[in-house]
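The structure under discussion appears below in the form of structure tokens.
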Amino acid sequence: MTKRPVRTEAAPAPFQGAPYSQAIKANGLVFVSGQLALVPGEKELVPGDIGEQTEQVFANLRAILEAAGSSLEQIVKTTVFLQNLDDFAGMNEVYARHVGDVPPARSTFQVAKLPSGALVEIEAVALVG
0 MTKRPVRTEA
10 APAPFQGAPY
20 SQAIKANGLV
30 FVSGQLALVP
40 GEKELVPGDI
50 GEQTEQVFAN
60 LRAILEAAGS
70 SLEQIVKTTV
80 FLQNLDDFAG
90 MNEVYARHVG
100 DVPPARSTFQ
110 VAKLPSGALV
120 EIEAVALVG
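Numbering-wise, the sequence shown is residues 0 to 128 according to numbering that gives the first Met the number 0.
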């Protein structure tokens with residue numbers, strides 16, 4: 000088995016130069032690191048509520064998945080981290096629009112804190128090809 004890093008300028012680089020890849024391709028799957036509501040090349044989060052931040056997270060996921068030869072429709076598992084579980088409905092409304100007719104398996108957690116005060120972070124595993 001080989002693993003290949005995925006890198007695209009259409010999504011944010013690893014947060015503050017941290018030692019991780021945007022994604023790793025291995026054995027027909029792509030494992031996408033947690034994405035925040037950062038516009039590529041910017042240092043500040045997208046302003047706004049959970050809906051606006053979730054939209055940017057999905058824009059970043061889409062860019063990375065496409066660079067890996069996959070798509071949002073090919074996601075098989077996500078993990079969603081919310082700063083406040085009260086934002087679940089707002090996140091879920093945006094999430095549902097992006098994951099296709101067969102939604103992936105998912106876990107959702109409320110966490111004490113996310114980088115830069117983000118409201119949401121989502122990581123994904125998807126099929127490639």
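No residue lacks a Cβ here, since even glycine has one placed at the ideal position from N, Cα and C.
Nonlocal neighbours in the same chain, by C-beta distance under 8 Å from residue i, ignoring five residues either side
i             : result
glutamate 51  : Ala36 and Val45
glycine 33    : Thr78, Phe80, Glu120, Ile121 and Glu122
asparagine 83 : Gln109 and Leu118
valine 56     : Gln34, Leu35, Ala36, Val119, Glu120 and Ile121
Coil, strand or helix - residue i by DSSP
i             : result
glycine 33    : strand
threonine 107 : strand
leucine 60    : helix
alanine 17    : coil
alanine 117   : coil
glutamate 41  : coil
alanine 67    : coil
Enclosing alpha helix (DSSP H) for residue i [first to last residue]
i         : result
valine 79 : Careful: valine 79 lies outside any alpha helix (DSSP H), inside the beta strand (DSSP E) at 74 to 81.
Sequence-distant residues of its chain with Cβ nearer than 6 Å to residue i (five each side left out)
i           : result
proline 103 : Ile74, Val75, Lys76 and Thr77
valine 93   : Gly50, Thr53 and Glu54
Start-to-end residues for the beta strand (DSSP E) that takes in residue i
i          : result
arginine 3 : 2 to 5
Residue i CB to nearest heavy atom of the ligand MN below 7 Å
i             : result
asparagine 59 : The ligand MN is not part of the structure shown, which contains no ligands of any sort.
Contact set for residue i: own chain, Cβ-Cβ below 7 Å, skip 5 residues either direction
i           : result
leucine 126 : Gly27, Leu28, Ser69, Gln73 and Val75
Burial state of residue i, where buried means 16 or more other Cβ atoms lie within 10 Å
i             : result
valine 132    : Nothing about residue 132 can be read from this structure; the chain reaches only from 0 to 128.
methionine 90 : buried
proline 13    : exposed
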